[in-house]
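Chains A and B, in that order, give the protein sequences. Heads up: the first sequence begins at 297 in this note's numbering, then just goes up one per residue. Heads up: the second sequence begins at 236 in this note's numbering, then just goes up one per residue. Written out below as structure tokens is the structure these notes cover.
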Amino acid sequence: MRLTDDQRAFAEGRHGEAAAAALRIVADTGALLGAERLIPVSSAHIDGCLYHGDSGTEFAEFLYRGGGRVRVPATLNVGSLDLLRPETVLLDGHRRQMALRLMRAYVALGCRATWTCSPYQAGHRPGAGEQVAWGESNAVAFCNSVLGARTNRYGDFLDIACTITGYAPEYGLHVKANRAAKVLFTTDAVSDRLKGEDAFWPVIGALFGRRVGDAVGAVDGLGGFAGEDRMKAFGAAAASFGSVALFHIIGATPEAPTRDAAFQGAAPEEIVAIGPAELRQALDWLSTSAGGAVTAIGIGSPHLSLAEFENLLAELRGRTARLPFYANTGRHVVQRLDELGYRQQLDAAGVTIVADTCIVTTPIIADGHGVLMTNSAKFAHYAPGNIGHEVLYGSLSDCVETAVAGRVVRDPALWR
Amino acid sequence: MALSGRTLFPGRAEGVLLKLGAPLSFWGGVDPDSGRIVDGRHPQRGAAIGGTVLAVPRTVGSSSSSAVMLELIRAGHAPAALVLGQVDAILIVGCLAGRELGYACPPVLEMAADRIAGLATGRYRVAAGNGDGVLEKIGPSG
């Protein structure tokens with residue numbers, strides 16, 4: 297690893313003990329990954345604010361006490377508490393206190409208190425080709441794929457280490473040549489009607505993720521249907537069911553105006569044809585429950601955009617949910633909900649707005665052994681392990697109709 | 236027979252081999268309070284990874300796995316050593332952060348996934364030095 301004078305100054309402790317530790321972490325990780333140098337990054341999204349145990353708080357406070365401060369602008373991913381409505385989260389005394397200390401430590405380091413896994417919809421949108429250091433798997437996928445900025449998957453600790461030093465190892469997706477697609481997914485056998493359904497996107501995202509693993513893939517035939525929230529849902533699914541950090545939707549994402557551009561002129565190494573049979577299989581992965589009963593509804597992983605709240609209100613049509621209904625979002629959207637008068641409508645409909653955190657990362661749902669219905673592949677993937685719930689996947693409409701009826705309502709015609 | 240691998244994090248340790256039969260995300264897949272696999276879809280759900288030589292052909296999922304790794308280290312439920320089929324910077328960063336905080340962290344070796352697949356059950360020793368390391372069977376599982 298060749299360090300520049302500025303980087304050596306960090307390593308030698310001239311910016312303090314925390315900055316030296318941060319540079320060691322960045323440089324050692326880079327060496328493991330075969331990077332020859334560290335490159336400057338212009339922004340970061342930090343995924344270190346969830347309480348997984350006291351060690352995370354210990355590390356953040358270690359950095360703060362050692363004089364660590366952010367060198368580039370950084371947004372914060374979700375924490376384990378809803379700071380806007382503290383009673384939402386059921387964490388007990390010690391855990392609650394440590395979770396709060398963790399969140400405060402990251403703010404003290406100079407990060408912006410955004411508390412969202414959709415930072416790209418909270419005003420943090422690096423430009424195409426910009427080098428950044430982002431954490432949170434869905435945010436990484438969106439940042440690389442939809443914005444065309446360049447980041448690897450920065451896990452907890454490495455992300456703040458990059459933010460404090462302003463450097464990241466040059467390897468992987470920071471390098472243009474590594475951003476070329478290798479695997480082509482075709483969708484000729486999927487109807488245009490289905491491609492135009494929001495509920496299709498998490499399903500094909502899960503399928504894509506499981507097939508492609510950590511390779512770069514490109515999907516053909518979806519360009520005309522790919523809105524921002526659909527690509528967000530696709531990326532979150534692909535990053536949960538695989539290790540996808542970059543995907544291309546030919547005709548929609550910035551590095552894939554054409555198939556040739558997505559593959560940087562090379563031929564696909566593998567072609568995967570997706571049709572109704574593959575989609576049915578992926579749909580099965582998204583549910584662990586046979587669909588007999590549902591105890592709660594959860595939407596908003598990644599955090600809901602304003603447009604997604606508008607879709608929710610349109611589906612509700614003034615009706616009230618009889619089942620607990622959790623809509624997870626960031627405070628950037630909560631502010632808009634208040635301004636537009638949507639909050640009152642959601643309250644009246646029995647929808648619990650969860651901000652700054654979400655239902656699968658911290659205890660919010662009291663009953664630990666229910667069945668969660670969701671339109672999010674990421675919730676479907678993580679709810680069984682994280683909160684002990686079975687999951688049932690459905691469209692937003694299925695989720696709302698089930699909540700209103702108080703029993704499972706699903707429209708099977710959607711998938712024909 | 237000793238197998239050589241590349242050192243991803245140095246150290247020496249021994250334990251009973253636990254070879255994962257499917258990819259695992261530590262975040263959402265391992266309970267940091269107990270060290271048990273809790274991913275409902277994982278074939279080894281319920282198995283405890285603490286103190287084992289954990290062989291992982293492929294990892295998946297969330298970038299929060301570094302935090303779960305560090306918490307397993309702090310709470311004493313970390314594997315004794317890790318043998319990875321591919322470099323997983325997210326897990327190793329948990330060790331790098333642990334080192335800065337003064338914790339003893341498990342050695343990590345990288346070894347081809349097909350060689351991991353061929354490992355017999357038993358007790359193993361990992362010696363991960365500067366650059367290269369060795370994985371050696373030293374006895375039966377019991």
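Quick reminder that beta carbons are idealized off the backbone N, C-alpha and C, glycines included. Since the model is a prediction, treat every value here as computed from it, not as a measurement.
Mind listing which residues of the segment 667 to 685 of chain A have their C-beta closer than 7 Å to chain B's C-betas, in chain order?
Contact residues of the segment 667 to 685 of chain A toward chain B are Tyr-678, Pro-680, Gly-681, Asn-682 (C-beta to C-beta distance below 7 Å).
Please give me, in chain order, every unbroken run of the beta strand (DSSP E) with length at least 3 that falls completely inside the segment 497 to 539 of chain A.
513 to 515
Is the Cβ-Cβ distance between Val-479/A and Val-568/A less than 9 Å?
yes
Between which residues of its own chain and Asp-323/B is the CB-CB distance below 7 Å, once the five residues before and five after are set aside?
Thr-294
Range of the contiguous alpha helix (DSSP H) that encloses Phe-355/A
In this chain, the alpha helix (DSSP H) harbouring Phe-355/A covers 350 to 361.
Please report whether the beta-carbon of Leu-255/B lies at a distance below 9 Å from any beta-carbon of chain A.
Judged by the 9 Å Cβ criterion, Leu-255/B is not in contact with chain A.
Can you tell which of Asp-367/B, Gly-240/B, Leu-238/B, Arg-247/B has the C-alpha that lies nearest to the C-alpha of Ala-315/B?
Arg-247/B
Within chain A, partners of Gly-311/B - CB distance below 9 Å:
Within 9 Å Cβ-Cβ: nothing; Gly-311/B doesn't reach chain A, min ~11 Å.
Are Ala-535/A and Ala-476/A closer than 9 Å when you measure CB to CB?
no
Per DSSP, which one or two residues make a beta bridge with Glu-313/A?
Bridge partners of Glu-313/A: none, in fact.
Return helix, strand or coil for Tyr-467/A, following the three-state DSSP convention.
coil
Reduced DSSP secondary structure (H/G/I, E/B, other) of Val-361/B:
strand
Output, in chain order, the set of chain A residues within a Cβ distance shorter than 7 Å of Gly-275/B.
Thr-584, Pro-680, Gly-681
Can you look up Thr-459/A in the DSSP assignment and give me helix, strand or coil?
helix
Residue nearest to Phe-537/A in terms of C-alpha spacing, selected from Thr-482/A, Ala-315/A, His-677/A
His-677/A
Measure the alpha-carbon distance for Thr-584/A versus Val-704/A and round it to whole angstroms.
For the pair Thr-584/A and Val-704/A, the Cα-to-Cα distance works out to about 14 Å.
Compute the Euclidean distance between the alpha carbons of Gly-517/A and Tyr-689/A, then round it to the nearest angstrom.
Separation of Gly-517/A and Tyr-689/A (C-alpha to C-alpha, rounded to the nearest whole angstrom) is 24 Å.
Pair within 9 Å by beta-carbon distance, Arg-449/A and Gly-462/A:
It is not a contact, given that the beta carbons lie outside the stated cut-off.
Quick check: the segment 487 to 494 of chain A against the segment 356 to 369 of chain B, are at least 3 beta-carbon pairs closer than 8 Å?
no
Is it the case that the Cβ atoms of Ala-502/A and Trp-581/A are separated by a distance below 9 Å?
yes
Leu-331/B and Gly-240/B: beta carbons closer than 9 Å?
no
Taking 9 Å as the threshold (beta carbon to beta carbon), is Ala-485/A in contact with chain B?
no
Report yes or no: do three or more beta-carbon pairs, one from the segment 378 to 393 of chain A and one from the segment 355 to 369 of chain A, lie closer than 8 Å?
Taking 8 Å as the limit for Cβ pairs, the verdict is that the segment 355 to 369 of chain A does not touch the segment 378 to 393 of chain A.
Tell me, to the nearest whole angstrom, how far the beta carbon of Asp-452/A is from that of Ser-299/B; I am working on the premise that it is less than 8 Å.
6 Å
Taking 9 Å as the threshold (beta carbon to beta carbon), is Ser-376/A in contact with chain B?
So no, Ser-376/A is outside the interface.
So what's Glu-432/A in DSSP terms, helix, strand or just coil?
coil
Flag Ser-301/B as yes if its beta-carbon sits less than 9 Å from any beta-carbon of chain A, otherwise no.
yes
Between Arg-298/A and Arg-333/A, how many whole angstroms is the CB-CB distance? I'm expecting something under 8 Å.
The pair is a contact, with the Cβ atoms about 5 Å apart (cut-off 8 Å).
Between the beta-carbon of Gly-368/B and the beta-carbon of Pro-292/B, is there less than 9 Å?
Going by C-beta atoms, Gly-368/B is not nearer than 9 Å to Pro-292/B.
Using a Cβ-Cβ cut-off of less than 9 Å, give me the residues of the segment 329 to 342 of chain B that come near chain A, in sequence order.
Gly-329, Leu-331, Ala-332, Gly-333, Arg-334, Glu-335, Leu-336, Tyr-338
Unbroken beta strand (DSSP E) run spanning Lys-472/A, endpoints:
Here Lys-472/A belongs to no beta strand (DSSP E), and DSSP marks it neither H nor E.
By the 10 Å Cβ neighbour count, where 16 or more other Cβ atoms means buried, how is Arg-712/A classified, buried or exposed?
exposed
Taking only the alpha-carbon atoms, compute the straight-line gap between Arg-627/A and Glu-565/A and give it to the nearest angstrom.
43 Å
The segment 298 to 319 of chain A: which residues have C-beta closer than 8 Å to a C-beta of chain D, in chain order?
Although the question refers to chain D, the structure presented lacks it and instead comprises the protein chains A and B.
Whole alpha helix (DSSP H) runs in the segment 582 to 668 of chain A with 4 or more residues, listed along the chain?
602 to 612, 627 to 635, 638 to 644
Just the Cα atoms here: how many angstroms apart are Tyr-416/A and Tyr-638/A?
22 Å
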